[in-house]
Amino acid sequence: MRISLKQHSVLPGFGLTLGYTMVYLGAIVLIPLSALFFKTAALSWGEFWGIISEPRVLASYRLTFGASLLAAGINAVFGFIVAWTLVRYPFPGKRLVDAAVDLPFALPTAVSGIALTAIYAPNGWIGRWLEPLGIKAAFSPLGVTIALTFIGLPFVVRTLQPALEELEPEIEEAAATLGASRSQTFRRVILPAVLPALITGFGLAFARAVGEYGSVVFISGNMPMRTEIAPLLIITKLEQYDYAGATAIAVVLLAASFLLILLINLLEWWSSRHHRKGA
Amino acid sequence: MALVVARTVSVRRTLRQSPVDEPRWVQGALIASSLGFLGLFLFAPLAAVFTEALRKGLGAYLESFREPDALSAIELTLFTAAIAVPANLAFGLAASWAIAKFNFVGKSILVTLIDLPFAVSPVISGLIFVLLFGLQGWLGPWLAEQDIKIIFAVPGIVLATIFVTFPFVARELIPLMQEQGTEEEQAALLLGAGGWQTFRRVTLPNVKWALLYGVILCNARAMGEFGAVSVVSGHIRGRTNTMPLHVEILYNEYNFAAAFSVASLLTLLALFTLALKALVEWKRREEVSHALEAAAAEEGR
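Line by line, the protein sequences are chains A and B.
In terms of the numbering used here, the first sequence opens at residue 1 and continues consecutively.
In terms of the numbering used here, the second sequence opens at residue 280 and continues consecutively.
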């Protein structure tokens with residue numbers, strides 16, 4: 001349904017609300033964000049490269065991106081299982097479990113951080129069982145991955161759930177009638193249909209994990225070169241009044257997040273176009 | 280309870296007859312691994328907060344809220360949310376009215392820009408305000424001359440909080456108002472209502488649940504924000520400490536029981552948010568089904 005411009009002009013308040021929107025957006029978001037890019041532009045290419053290629057900075061990027069990728073991968077697998085069981089199977093307490101999936105969204109990150117540390121520390125509920133096995137959960141890269149998995153879970157589950165609900169049972173029945181086994185139907189029919197949602201959820205979880213700070217700093221132990229994430233290094237640089245250093249590290253992180261979001265949007269656009277063509 | 284079990288069993292039985300169903304043991308294994316994963320990653324941390332908070336008994340738990348630093352942190356958190364939430368609510372209403380009710384060039388760019396703060400790391404959200412207002416920042420020297428403190432003071436905390444909670448209300452309202460179109464508003468105007476009256480009496484009731492939902496999420500994030508606020512706060516005890524920052528300080532001082540006590544308040548807020556969210560979703564579904572029923576009845580007549 002397209003509404004012509006003439007009909008629109010009947011409603012009042014366009015100038016006022018759009019004007020307010022632009023001013024507020026500019027003052028709160030655009031001007032402050034542009035400070036980051038002006039500050040970076042003041043650096044020469046050599047200075048910029050010098051900062052982001054320091055071994056300590058490179059190590060923090062490796063940890064941030066590596067652990068984020070691993071956590072998003074774990075969430076893609078287990079988030080799929082959680083979404084699948086929530087959509088398909090009846091079990092007691094299901095509605096409670098469904099509501100609890102959003103906990104990482106609602107819980108302040110500092111609280112998640114200290115709670116996860118308490119559990120996975122060597123004397124914690126779970127950590128004490130891992131310790132004899134020689135697995136150090138808290139204060140290691142594994143701890144960083146655990147925190148980032150916690151943070152990313154709702155993104156995968158909440159993007160997959162509607163996609164799984166939309167699947168029409170007739171298609172699966174047709175596959176079964178034509179002689180496909182259940183695992184064949186899953187691989188050839190179900191998975192391709194929900195793959196765009198799965199990739200979107202994976203991408204959102206990854207993007208969120210890259211910038212995450214609060215839930216990680218407690219469990220990571222923050223050892224330079226080993227368990228220091230990039231956002232923490234930004235804060236360290238700021239505390240030393242090294243604004244240029246902090247800015248350069250931040251711009252790389254921000255560019256990575258924007259690139260991810262752009263890729264996700266392109267994927268969604270592509271898959272919705274694909275979908276429409278098929279229909 | 281017996282009824283629930285009976286229903287579950289009957290549902291299972293009907294499921295088993297379907298040709299597109301996994302074997303029983305696969306279903307059981309999937310449910311078990313799903314609950315196991317959530318147990319390790321969601322329910323264990325949740326239980327840990329309250330266990331640790333009450334480790335030294337209820338008396339010590341309650342005592343930790345009487346500490347002046349804890350009280351001032353609670354006060355600052357409430358103060359910050361009391362500014363950030365209404366500010367973003369007003370923005371959300373204005374932005375969704377302009378975007379959903381009118382067609383104009385560059386609309387999709389504007390929607391993307393509104394979502395921008397979600398893509399920015401909390402630490403970077405704090406950093407940009409330091410670059411603007413910090414001592415070595417753009418406006419820093421001028422602000423110092425005027426004796427205005429923004430960074431390492433309350434205004435910086437409020438600004439950073441507004442930034443990170445910026446999209447919440449708008450992004451709940453825009454899709455819904457776009458879906459609802461402008462017909463009802465046009466009818467109201469045609470019948471002689473004023474613009475403000477139309478907005479208050481027609482638009483607002485139509486979006487009230489989405490609005491409440493956006494405000495709840497905005498408030499939860501405003502009270503719980505850690506990274507961005509941590510960068511601009513300066514951690515001055517009793518003055519620029521919000522509740523999440525106070526949790527960090529107590530924790531780093533190995534005062535675990537007190538840290539988890541304050542954390543338990545924030546956790547209760549999160550649980551309250553989730554409960555309200557479930558309620559709002561249920562109300563929304565109910566309204567949709569009512570509308571569908573009404574439409575069906577209309578058609579039948």
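The C-beta atom is built at its ideal place from N, Cα and C for all residues, glycine as well.
Coarse secondary structure for Met22 of chain A, derived from DSSP in three states: For the purposes of this step, residue 22 of chain A is identified with residue 22 of the first sequence, where counting begins at 1. Three-state result, Met22 of chain A: helix.
Phe370 of chain B classed as buried or exposed, judged by whether at least 16 other C-beta atoms fall within 10 angstroms: Residue numbering aside, residue 370 of chain B sits at position 91 when the second sequence is read from its first letter. With 16 or more Cβ atoms within 10 Å of its Cβ, Phe370 of chain B is classed as buried.
- prompt: Exposed or buried, His274 of chain A, counting other C-beta atoms within 10 Å across all chains shown (16 or more means buried)?
  reply: Here residue 274 of chain A refers to the residue found at position 274 when the first sequence is read from its first residue. Exposed.
query: What's the C-alpha gap between Asp394 of chain B and Leu25 of chain A?
result: On the second sequence, residue 394 of chain B is found 115 positions in, with the first residue counted as 1. On the first sequence, residue 25 of chain A is found 25 positions in, with the first residue counted as 1. In this structure, the alpha-carbon of Asp394 of chain B lies about 10 Å from that of Leu25 of chain A.
field: Which of helix, strand or coil DSSP assigns to Pro224 of chain A
entry: As a working mapping, residue 224 of chain A is identified with position 224 in the first sequence. Assigned with DSSP and collapsed to three states, Pro224 of chain A falls in coil, not helix or strand.
task: Return the chain-ordered list of same chain residues with a C-beta closer than 8 Å to the C-beta of Pro365 of chain B, the five sequence neighbours on each side being excluded.
output: Your numbering for residue 365 of chain B matches position 86 in the second sequence. Cβ neighbours of Pro365 of chain B beyond the five flanking positions: none.
message: Between which residues of its own chain and Leu529 of chain B is the CB-CB distance below 6 Å, once the five residues before and five after are set aside?
response: Your numbering for residue 529 of chain B matches position 250 in the second sequence. The residues are Ala537 and Ala538.
Nearest residue (CA-CA) to Ile151 of chain A, options A:Leu103, A:Ala138 and A:Pro141: As a working note, residue 151 of chain A is residue 151 in the first sequence. The shortest C-alpha separation from Ile151 of chain A is found at A:Leu103.
query: When you compare only the Cα positions, how much space is there between Glu504 of chain B and Phe551 of chain B?
result: What you label residue 504 of chain B is simply residue 225 of the second sequence in a count that begins at 1. What you label residue 551 of chain B is simply residue 272 of the second sequence in a count that begins at 1. Spanning the two alpha carbons is a distance of roughly 17 Å.
- prompt: Who are the neighbours of Phe442 of chain B on chain A, taking C-beta pairs under 8 Å?
  reply: Here the question's residue 442 of chain B lines up with position 163 in the second sequence. Neighbours of Phe442 of chain B on chain A, chain order: Ile28, Val29 and Pro32.
- prompt: By a C-beta neighbour count over all protein chains shown, 10 Å radius and 16 as the cutoff for buried, is His229 of chain B buried or exposed?
  reply: Here chain B covers residues 280 to 580 and nothing more, so residue 229 of chain B does not appear.
Enclosing alpha helix (DSSP H) for Val157 of chain A [first to last residue]: For the purposes of this step, residue 157 of chain A is taken as the residue at position 157 of the first sequence. Where Val157 of chain A is concerned, the enclosing alpha helix (DSSP H) stretches over Pro141 to Glu166.
task: Pick out the complete alpha helix (DSSP H) segments inside the stretch 38 to 75 of chain A, 4 residues or longer, and give them in chain order.
output: Complete alpha helix (DSSP H) runs here, min 4: 45 to 52.
task: Report buried or exposed for Thr17 of chain A, applying the criterion of at least 16 other Cβ atoms within 10 angstroms of its Cβ.
output: For this step, residue 17 of chain A is matched to residue 17 along the first sequence. Counting Cβ neighbours within 10 Å, Thr17 of chain A comes out buried, since at least 16 surround it.
- request: Measure the Cβ-Cβ separation of Ile126 of chain A and Ser312 of chain B and say whether it is below 8 Å.
  value: As a working mapping, residue 126 of chain A is identified with position 126 in the first sequence. As a working mapping, residue 312 of chain B is identified with position 33 in the second sequence. For Ile126 of chain A and Ser312 of chain B, no; Cβs fall outside 8 Å.
- request: Classify Tyr89 of chain A as helix, strand or coil using the three-state DSSP reduction.
  value: The residue labelled residue 89 of chain A in the question sits at position 89 within the first sequence. Three-state DSSP puts Tyr89 of chain A in coil, outside helix and strand.
- request: Please confirm whether Thr227 of chain A and Ser140 of chain A have their CB atoms less than 8 Å apart.
  value: Residue 227 of chain A sits at position 227 when you count from the first residue of the first sequence. Residue 140 of chain A sits at position 140 when you count from the first residue of the first sequence. Yes, the Cβ-Cβ distance between Thr227 of chain A and Ser140 of chain A is below 8 Å.
message: Please tell me whether Gly211 of chain A and Pro401 of chain B are closer than 8 Å, where the distance is taken between their beta carbons.
response: Mapped onto the first sequence, residue 211 of chain A falls at position 211. Mapped onto the second sequence, residue 401 of chain B falls at position 122. Cβ distance < 8 Å, so Gly211 of chain A and Pro401 of chain B count as in contact.
- request: Please report how far the alpha carbon of Ala193 of chain A lies from the alpha carbon of Leu167 of chain A, in whole angstroms.
  value: As a first step, residue 193 of chain A is located in the first sequence; it is residue number 193 there, counting from the start. As a first step, residue 167 of chain A is located in the first sequence; it is residue number 167 there, counting from the start. For Ala193 of chain A and Leu167 of chain A, the distance between alpha carbons rounds to 8 Å.
- prompt: Does Trp488 of chain B come within less than 8 Å of chain A when only Cβ atoms are used?
  reply: In the second sequence, the residue the question calls residue 488 of chain B occupies position 209. No, Trp488 of chain B does not count as interfacial toward chain A.
task: Could you work out which residues of chain B lie near Ala76 of chain A, taking near to mean beta carbons separated by less than 9 Å?
output: By 1-based counting over the first sequence, the position of residue 76 of chain A is 76. Those do not exist, as Ala76 of chain A stays about 12 Å from chain B at its closest Cβ, beyond 9 Å.
query: Using the C-alpha atoms, what's the distance from Leu259 of chain A back to Leu267 of chain A?
result: Translated into positions along the first sequence, residue 267 of chain A becomes position 267. Translated into positions along the first sequence, residue 259 of chain A becomes position 259. Leu267 of chain A and Leu259 of chain A: Cα-Cα distance of roughly 12 Å.
task: Give the range of the alpha helix (DSSP H) segment to which His525 of chain B is assigned.
output: Within the second sequence, the letter at position 246 stands for residue 525 of chain B. Here the alpha helix (DSSP H) through His525 of chain B covers Met522 to Asn531.
field: Distance between beta carbons of Leu148 of chain A and Val216 of chain A, contact taken as under 8 Å
entry: Along the first sequence, one-based indexing puts residue 216 of chain A at 216. Along the first sequence, one-based indexing puts residue 148 of chain A at 148. Indeed, because the Cβ distance is near 7 Å, the residues count as touching under 8 Å.
- request: Could you tell me whether the Cβ atoms of Thr236 of chain A and Lys39 of chain A are closer together than 8 Å?
  value: Stepping through the first sequence from its first residue, residue 236 of chain A is reached at position 236. Stepping through the first sequence from its first residue, residue 39 of chain A is reached at position 39. It is not a contact, given that the beta carbons lie outside the stated cut-off.
- request: For the stretch 258 to 273 of chain A, enumerate the residues whose C-beta is nearer than 7 Å to any C-beta of chain B, in chain order.
  value: Cβ contacts with chain B: Phe258 and Ile261.
message: Comparing C-alpha positions only, which one of A:Arg56, A:Ala250 and A:Gly13 sits nearest to Met223 of chain A?
response: Residue numbering aside, residue 223 of chain A sits at position 223 when the first sequence is read from its first letter. Checked all of A:Arg56, A:Ala250 and A:Gly13; the closest Cα to Met223 of chain A is A:Arg56.
query: If we call anything under 8 Å between Cβ atoms a contact, is Trp488 of chain B one with Val559 of chain B?
result: Indexing the second sequence from 1 puts residue 488 of chain B at position 209. Indexing the second sequence from 1 puts residue 559 of chain B at position 280. Their beta carbons are under 8 Å apart, which means Trp488 of chain B touches Val559 of chain B by this criterion.
query: Whose C-beta lies closer than 7 Å to the C-beta of Thr477 of chain B among residues of the same chain, with five residues either side of it excluded?
result: Along the second sequence, read from residue 1 onward, the residue named residue 477 of chain B stands at position 198. Closer than 7 Å at the Cβ level, and outside the excluded window around Thr477 of chain B, lie Glu464, Ala467 and Leu468.
- request: Go ahead and pull the three-state DSSP assignment for Asn123 of chain A.
  value: Here the question's residue 123 of chain A lines up with position 123 in the first sequence. Note: Asn123 of chain A maps to coil in three-state DSSP.
Of the listed residues A:Phe14, A:Pro12 and A:Pro32, nearest to Val443 of chain B (C-alpha basis): Residue numbering aside, residue 443 of chain B sits at position 164 when the second sequence is read from its first letter. Closest option to Val443 of chain B, Cα to Cα, is A:Pro32.
message: Am I right that Val144 of chain A and Ile219 of chain A are in contact with their C-beta atoms under 8 Å? What's the rounded C-beta distance?
response: Your numbering for residue 144 of chain A matches position 144 in the first sequence. Your numbering for residue 219 of chain A matches position 219 in the first sequence. Going by Cβ atoms, the distance from Val144 of chain A to Ile219 of chain A rounds to 7 Å, so yes, they are a contact pair.
task: Could you check what DSSP says for Pro108 of chain A in three-state terms: helix, strand or coil?
output: In the first sequence, the residue the question calls residue 108 of chain A occupies position 108. In the structure shown, Pro108 of chain A sits in coil (DSSP, three-state: anything other than H, G, I, E or B).
- request: Give the range of the alpha helix (DSSP H) segment to which Tyr492 of chain B is assigned.
  value: Counting from 1 along the second sequence, the entry for residue 492 of chain B is found at position 213. From DSSP, the alpha helix (DSSP H) with Tyr492 of chain B extends over Lys487 to Gly503.
query: Does DSSP put Ala302 of chain B in a helix, in a strand, or in coil?
result: As a first step, residue 302 of chain B must be located in the second sequence, where it is residue number 23. The sequence shown places Pro at residue 302 of chain B, rather than the Ala named in the question. Coil at Pro302 of chain B, not helix or strand.
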